[in-house]
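Asks:
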Amino acid sequence: MATLDSKIPKGPLKDKWTTYKDTINLVNPANKRNIDIIVVGTGLAGGSASATLAELGYNVKAFAYQDSPRRAHSIAAQGGINAAKNYQGDGDSFYRLFYDTVKGGDYRSREANVYRLAEVSANIIDQCVAQGVPFARDYGGLLDNRSFGGVLVSRTFYAKGQTGQQLLLGAYSAMNRQIARGKIEMFNRHEMLDVVKVDGKARGIIARNLITGELERHSAHAVVIATGGYGNVYFLSTNAMGSNATAAWKIHKKGAFFANPCYTQIHPTCIPRSGDYQSKLTLMSESLRNDGRIWVPKKMEDVMAIREGRKKPTDLSEDERDYYLERRYPAFGNLVPRDVASRAAKERCDAGYGVNATGEAVYLDFKSAIERYGREQAKLHHISNPSEKEVYDLGKGIVEAKYGNLFQMYEKIVDENPYETPMMIYPATHYTMGGVWVDYNLMTTVDGLYCIGEANFSDHGANRLGASALMQGLADGYFVLPYTIGDYLANDIRTGKIPTDTKEFDEVEKEVKDRLDFFINNKGKHSVDYYHKKLGKIMWDKVGMARNAKGLTEAMAEIKALREDFWKNVKVTGALNEMNPELEKAGRVADFLELGELFAKDALMREESCGGHFREESTELDGLQKGEAKRNDKDFAFVAAWEYKGEPADAVLHKEELEFKDIELKQRSYK
Amino acid sequence: MNLTLKIWRQKDSKSKGQMVDYKVTDISEHMSFLEMMDVLNEQLINTGEEPVAFDHDCREGICGMCSMYINGEAHGPDRGVTTCQLHMRMFNDGDTIYIEPFRAKAFPVIKDLVVDRTSFERIQQAGAFISVNTSGNTQDANAIPISKHDADEAMDAAACIGCGACVASCKNSSAMLFVGAKVSQYALLPQGKIEATDRVLNMVAQMDAEGFGNCTNTGACEIECPKGISLENIARMNREYLKASF
């Protein structure tokens, strides 16, 4: 049985990564030409890893389920990327970025990984600028920065509201250079359906060509999984529709432990659901909370009047509104971290104060910001006694300059003008902090099998601060994995090509084929989406932002029952050997139906509230923090890594105790 | 609302396709166009028919995956949006809507509304990159200041999502807006300058080899572009091309 050895290098935190790099095994450039690496997923992590490994001289085979690496969901990230450059001279340092990340993650991440992340963060910016990423500049031509929630310095680099897009296109361009050189062989519209192990080591994958439906065998000396998060287990999320857990789940079933599955970030500022047909949720940048005030009506009769269209939100006076974040958290107000803001919105809506037809929305109001900016502008323009309209117009101009693209996006979706009437927002599932367990080398519990980016668990703990996901994806791909994988591959220089006509490949291909055949031949009653939506509802109702033992136990039973029904009654149209999106979805939902149960099991085990995960039984009962989430460091300062044993309910828990030598564990307070 | 849909169905790249009529009922004006397509597909699955294959993913207008020709326009009648951002409130009860794949020789149909846009990939591989080692030994990012104006213009060009609406809208199936945007991004940045000659020559040569037509300054591409990529980028590419040719 695999044991959990995190392989954290000895020595002081500050020196670990440098010492490690100085002492690991290297592969001679001539030998790199004889070594193949498979990279599955080509977003920020997979794309940057593919490009760098090819640059180093390895033969890379990269797989994307889309028609191009440029479509990976990293492209949708808006706000920015953190880096401890201290260009602003406001006291930033590696240590501060490290500290903010560990604290923001509610002390559930691995110190050594996070410190390394902070260290390489500055390199990422240099690298991306050299690749032609058009980051925002100030009038002196230097890079501009902005601030994000949860930190006290300006360390976020950005490219308008499309930072993820530009960083991904940077990695994609680096990939294109290597594809042109023949060092990356690119497999677009291919999906990895299983991993192949030979003598306990990952040596290849079975992939399906999504255009022809053919199954293909691909071998390599090491396999890297970079397929992102599993937020779509909720059906509705901010993830792309195709984002799936299949690769990560399949390697879990082949021996890779799955860590902290219940750690899922619920983002507070999404556009609310409008009906049952809805296919996904849209995130509005967190930066809106810098100027928006969040409220619901104080009186239930006003809530009803608004829902029934008898009153408009603008009809309510200041004292008829409950600015609940400002009321509960006077120190941070509307700028509390994502988990706190999300829970508070849910609390108000659960109490019946939601302002839209579904009762799942709160207002994000820019009226006072428009007025404040308007008065300031009037002064600057020497307008004495400005009219209300003048103030509004001037203020609107400022808000438009800051958030215009977001306001426009909102108006397109909701068909309401957010300058005139407050936006409606509600929390939605966004980023998954849990994922495949990896050691300091980013290797899973299977030899030669690596996992990077959002697909692994290591850097964000129980919560993710803004602008830190892009940082981890690129850090892993550009600067960490290319070193650590060499240490492993140094032993493989004499192995030679891995053949694919072996019994190991035969067996796994047969498993994959049998599963696909089953779907096509099942001729059941219900569509794949029918099951996915049902799973999503169980997850949101019982394994969502607030959880309790009773609900979680029920959820486990309900998911198991749903899964059994799925395998009896699912209907998949079309044939095997053709492009068949329904067949693709069926396999992915089958995996979500297992992952969802493990997710609930993990949440049930974790009898504490931490990050965005509010365990109702673990609440502060008195004092200043009364009613807030209560973390339990004594019993739960560990990573929960689950070993697959057949049914998700039978998974075996392994604990990696977390050590915090350089940081004192403190209660997070935003009062 | 209740709608009649006339949709292009084509089994695979080798089969002949045809328009097929479908009816959908109770469509909410709040749905996105793709959610309306989901409703249709759920209906088809329930009656044992094969759902309509179409490309989509992020459904927030940034991945560039969704591509449909709706009532004779790429991404449909609304301006500045992708198909996933198009809402049913743009249509009326009783409407007949024509839905076809993006049409261009360089975008062969794979199935139904799904087309193959890998010609774009090959153009990018012909030079849409800066030849810098990804080792992290690059100089400090602030070592070369870039004027805000240039950085902003490079960003505007770089905002292209590679959806192909420009090609589908062009009577010549030209890819010059797409290629011009990428050439411009690098032409505007000091880091991209050294390879400018090879880049523009190679990318244009690949564009021609893929079977894209030429630009005759009609401007349909700019009007239909969901990201407002400007025709100026084509002019800049032409200038870069001329400079490189002499």
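Protein sequence lines, in the order shown, are assigned to chains D and V. Quick note on the UniProt record's numbering: the first sequence kicks off at 1 and runs consecutively. Quick note on the UniProt record's numbering: the second sequence kicks off at 1 and runs consecutively. Where is the CB? At the ideal position from N, CA and C, for every residue including glycine.
Determine the extent of the beta strand (DSSP E) in which D:N59 is found, giving its start and end residues.
Replies: N59 to F63
Asks: With DSSP run on the structure shown, which of helix, strand or coil describes D:Y95?
Replies: It is helical.
Asks: Shorter than 7 Å from the beta carbon of D:L236 to some beta carbon of chain V?
Replies: Answer no: the Cβ-Cβ gap between D:L236 and chain V never drops below 7 Å.
Asks: Answer with yes or no whether the minimum CB distance from D:I125 to chain V is below 7 Å.
Replies: yes
Asks: Quick test of your reading: D:K542 and D:L535, contact by CB under 8 Å. State the CB separation rounded to the nearest angstrom.
Replies: With 8 Å as the limit, D:K542 and D:L535 do not qualify as a contact, their Cβ atoms being about 11 Å apart.
Asks: Determine whether the Cβ of D:D67 lies closer than 7 Å to any Cβ atom of chain V.
Replies: yes
Asks: The beta strand (DSSP E) with D:Y426 in it runs from where to where?
Replies: M423 to T432
Asks: Chain D beta carbons: is any one of them nearer than 7 Å to that of V:R236?
Replies: no
Asks: Determine the chain V residues that contact D:H73 at a beta-carbon separation under 8 Å, and present them in chain order.
Replies: D57, C58 and C63
Asks: Between which residues of its own chain and D:A136 is the CB-CB distance below 8 Å, once the five residues before and five after are set aside?
Replies: L143, D144, F157, Y158, A159 and K160
Asks: Grab the span of the beta strand (DSSP E) containing D:P268 for me, first residue to last.
Replies: T264 to C270
Asks: If you draw a straight line from the alpha carbon of D:G41 to that of D:I179, how long is it in whole angstroms?
Replies: 15 Å
Asks: Going by C-alpha distance, which of D:A590, D:G596 and D:F457 is nearest D:A640?
Replies: If we check each option's Cα against that of D:A640, D:F457 comes out closest.
Asks: Suppose you measure from the CA of D:V195 to the CA of V:L189; what does that come to, to the nearest Å?
Replies: 42 Å
Asks: When the Cα atoms are used, what is the spatial distance from D:L604 to D:D106?
Replies: Each residue's CA atom was taken as its position, placing D:L604 and D:D106 some 18 Å apart.
Asks: Taking the C-alpha atoms as reference points, what is the distance between V:D198 and V:D26?
Replies: 55 Å
Asks: Do you know offhand how far V:L34's Cα is from D:T212's?
Replies: CA-CA distance, V:L34 to D:T212, rounds to 24 Å.
Asks: Tell me, please, whether the CB atom of D:E643 is closer than 7 Å to any CB atom in chain V?
Replies: no
Asks: DSSP three-state label for V:F178, please.
Replies: helix
Asks: Using Cβ-Cβ distances below 7 Å, what residues of the segment 167 to 182 of chain D are close to chain V?
Replies: L169, S173, A174, N176, R177, I179 and A180
Asks: Which residue comes first and which comes last in the alpha helix (DSSP H) that contains D:Q377?
Replies: Start and end: K367 to L380.
Asks: Using the beta-carbon count (16 or more within 10 Å), is D:M1 buried or exposed?
Replies: Note on D:M1: pLDDT 47, under 50, position unreliable in the model; the coordinate value appears next. Its Cβ having fewer than 16 others within 10 Å, D:M1 is exposed.
Asks: Expressed to the nearest angstrom, what Euclidean distance is found between the alpha-carbon atoms of D:P12 and D:H460?
Replies: 21 Å
Asks: What does D:V198 pair with, by DSSP beta-bridge criteria?
Replies: Beta-bridge analysis with DSSP links D:V198 to D:K201.
Asks: Alpha carbon to alpha carbon, how far is D:V652 from D:E119?
Replies: 35 Å
Asks: From the DSSP output, in three-state form, read off D:Y478 for me.
Replies: D:Y478: helix per DSSP, three-state reduction.
Asks: Classify V:S15: buried if its beta carbon has 16 or more other beta carbons within 10 angstroms, exposed otherwise.
Replies: exposed
Asks: Verify the CB distance criterion: does V:Y241 have a CB-CB separation below 7 Å to chain D?
Replies: no
Asks: Of all the CB atoms in chain V, is at least one closer than 7 Å to the CB of D:I35?
Replies: no
Asks: Closer than 8 Å by C-beta to D:H267: which residues in its own chain qualify, once you throw out the five before and the five after it? Chain order, please.
Replies: T238, L283, E286, R338, S342, P427, A428, T429, H430 and Y431
Asks: Do you know offhand how far V:G64's Cα is from D:K379's?
Replies: 44 Å
Asks: For D:R615 and D:R606, what's the separation of their Cα atoms in angstroms?
Replies: 8 Å
Asks: Measure from the C-beta of V:T218 to each C-beta in chain D and report whether the shortest distance is under 7 Å.
Replies: The beta-carbon of V:T218 is placed no less than 7 Å from the nearest beta-carbon of chain D.
Asks: Should the segment 75 to 88 of chain D be called in touch with the segment 487 to 505 of chain D, which here means at least 3 C-beta pairs below 8 Å?
Replies: no
Asks: Could you spell out the range, first to last residue, of the beta strand (DSSP E) harbouring residue 682 of chain D?
Replies: Nothing can be reported for residue 682 of chain D: it is not among the residues displayed for chain D, which extend from 1 to 671.
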